[in-house]
Amino acid sequence: MSTINKKTGKVYLVGAGPGDPGLITVKGAECLKAADVVVYDRLSSPQLLALAPHTAELVFMGKEPETPGGFQQQINETLSKAALEGKTVVRLKGGDPFVFGRGGEEVDTLITAGVPYEVVPGIT
Numbered sequence: 006m007s008t009i010n011k012k013t014g015k016v017y018l019v020g021a022g023p024g025d026p027g028l029i030t031v032k033g034a035e036c037l038k039a040a041d042v043v044v045y046d047r048l049s050s051p052q053l054l055a056l057a058p059h060t061a062e063l064v065f066m067g068k069e070p071e072t073p074g075g076f077q078q079q080i081n082e083t084l085s086k087a088a089l090e091g092k093t094v095v096r097l098k099g100g101d102p103f104v105f106g107r108g109g110e111e112v113d114t115l116i117t118a119g120v121p122y123e124v125v126p127g128i129t
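Structure follows, in structure tokens:
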């Protein structure tokens with residue numbers, strides 16, 4: 006039986022900045038332009054989402070105070086699954102991925118799944 010060697014994609018945890026689309030980093034904008042999948046939250050500007058290719062899958066995963074427990078696990082699984090399918094994934098987070106965010110948990114999940122990742126800091 007032959008095994009198909011699929012290429013694993015990569016996840017970029019990108020800080021979207023404080024809400025002004027002009028404050029995203031150049032690297033963050035480049036990641037969006039190359040994305041196959043963008044997983045974003047409620048703080049992400051529609052102008053930033055427009056940087057993604059028209060073929061990119063946009064996945065809203067925004068949490069509210071009343072969001073049930075376990076939702077972060079769904080986000081983690083979405084990131085890992087898409088990258089393991091060979092896709093370039095951008096996790097677009099308001100501000101910086103690690104300031105008031107769950108970037109650490111997302112990175113832990115990616116490491117456990119063997120998914121390459123890169124953190125692109127954002128202005129908080």
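Heads up, the sequence shown is in our numbering, so the first residue is 6 and it goes up one at a time.
Quick reminder that beta carbons are idealized off the backbone N, C-alpha and C, glycines included.
On the three-state DSSP scale, how would you describe lysine 92?
-> Here the question's residue 92 lines up with position 87 in the sequence shown. Coil, per DSSP.
Examine the Cβ distances between the region 13 to 24 and the region 94 to 101 and report whether three or more of them are shorter than 8 Å.
-> The answer is yes - the region 94 to 101 touches the region 13 to 24, with three or more Cβ pairs under 8 Å.
Output the distance between the C-alpha atoms of leucine 160 and lysine 12, rounded to the nearest integer angstrom.
-> Nothing can be reported for residue 160, as the shown portion of the chain is limited to 6 through 129.
Buried/exposed call for isoleucine 9, threshold 16 Cβ in 10 Å = In the sequence shown, counting from the first residue as 1, residue 9 sits at position 4. Residue confidence is low: isoleucine 9 scores 43 on pLDDT, short of 50, so the model does not pin down where it sits. Its coordinate-derived value is still stated next. In this structure isoleucine 9 is exposed. Its beta-carbon is surrounded by fewer than 16 other beta-carbon atoms within 10 angstroms.
Among Val94, Lys68 and Thr129, which one has its Cα closest to the Cα of glutamate 35?
-> Indexing the sequence shown from 1 puts residue 35 at position 30. Minimum Cα distance to glutamate 35 is reached at Val94.
What first and last residue would you give for the alpha helix (DSSP H) that runs through lysine 32?
-> Mapped onto the sequence shown, residue 32 falls at position 27. Counting along the chain, lysine 32 sits inside the alpha helix (DSSP H) bounded by residues 31 to 38.
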